[in-house]
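Reading through the structure tokens given below for one structure.
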Amino acid sequence: MWYEKSLDTEKVNGQKIEFMNHTGTHLDGEKHFIGHGRDISEMPLDELVGDAVVADISDKVGDYDVYTSDMIEDVVDVREGDILFIHTGYQKYAWHREEADPHRFFCKHPGPNMEFAEWCRDMNLNYLLLDCGSADHPMNTVVRDVRPELADEAADHFGVDDLDEIFPPEGYQLMHTELFPEGIVHVENAQVPAELLNERVQIGTFPWRFRGGESSVSRVVAFKEA
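Spelled out as structure tokens, the structure:
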């Protein structure tokens, strides 16, 4: 953020703000990974509002763990076409929280493998929301390459010599590459109130809609019947 105008010269304050589309709570759009995908302005809002379920798996997962469709179905009844919010508990480590540990939030959070992505496709989910830094497991992103010491730590966690055994190259960033072509996108870095955990609600995601946007900062709202 900087001042384009200031009181001392123009007698008025005017600011400019610059940020990435992936700042804070944001919707990853199709165009983020697909050249011919829809941009944010082409995603109608009625597509982003609908029946949802909030799955709390925070007591089932920890650093580097892989979560599965069974974990989700153990705590909530997911219906075909639902919006699915996955609460891993890692939002508490986000940079703005009292227990802030951005290193853990972005690089060690749990994530899925191909089984989960295929389940999402079979369930024809509307879209997903995650409370952590990425919908993909960090070891299935660039984190594995830029933080080799964490890759070694994760390999020890899984008891393997090569993380390709857990996340083969052909499934790289599978929550993006496998699901976006199916129109199943996701919201990252979202937060849900404790009283909505394992509840069925209506969820609306309201992005800043602009032409050409591959993704967008967003406001997410949950609606619950009284």
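Throughout the sequence shown, residue numbering follows this note's numbering, covering 4 to 229 in sequence. For glycine and all other residues, C-beta sits at the position ideal for the given N, C-alpha and C.
Contact under 8 angstroms by Cβ, residue i with residue j
i	j	result
asparagine 201	valine 79	yes
glycine 38	glycine 32	no
serine 221	threonine 28	yes
histidine 35	serine 218	yes
cysteine 110	proline 151	no
phenylalanine 226	valine 195	no
Candidates the options: closest to residue i by CA position
i	options	result
valine 56	Leu199, Gln194, Glu45 and Met23	Leu199
methionine 74	Glu83, Gly84, Lys63 and Asp68	Lys63
histidine 189	Glu118, Ala197 and Leu133	Leu133
proline 171	Glu118, Arg203, Glu7 and Asn129	Glu118
asparagine 16	Val224, Asn24, His25 and Met4	Met4
valine 223	Tyr6, Arg124, Ala120 and Leu48	Leu48
glutamate 67	Phe161, Tyr6 and Asp165	A quick correction: the sequence has tyrosine, not glutamate, at residue 67. Out of Phe161, Tyr6 and Asp165, Phe161 has the C-alpha closest to the C-alpha of tyrosine 67.
glutamine 94	Pro105, Glu76 and Ile187	Pro105
leucine 182	Thr208, Tyr6, Asn116 and His112	Asn116
isoleucine 89	Glu102, His112, Glu101 and Leu10	His112
Same chain, Cβ closer than 7 angstroms to residue i, five either side skipped, listed in chain order
i	result
glutamine 176	Asp139, Asn143 and Thr144
Through-space distance from residue j to residue i, alpha-carbon basis
i	j	result
phenylalanine 22	aspartate 167	34 angstroms
arginine 147	lysine 14	50 angstroms
glycine 114	arginine 214	31 angstroms
asparagine 129	valine 69	22 angstroms
leucine 51	asparagine 24	18 angstroms
glycine 53	arginine 124	18 angstroms
methionine 126	glycine 84	6 angstroms
glycine 186	alanine 120	13 angstroms
asparagine 192	glycine 136	5 angstroms
aspartate 178	aspartate 164	This sequence places methionine at residue 178; aspartate is not what is there. Distance between the alpha carbons of methionine 178 and aspartate 164 is about 24 angstroms.
alanine 154	methionine 46	36 angstroms
Cut-off 6 angstroms between Cβ atoms - residues of its own chain near residue i, not counting five sequence neighbours on either side
i	result
glycine 92	Ser61
alanine 97	Phe108
arginine 212	Ile43 and Ser44
Within-8 angstroms CB hit, residue i to chain D
i	result
alanine 138	Of the protein chains in the structure, only one exists, and it is not chain D.
Neighbourhood of residue i by C-beta, 8 angstroms cutoff - its chain only, sequence neighbours within 5 removed
i	result
phenylalanine 209	Leu48, Leu51, Ser221, Arg222, Val223 and Val224
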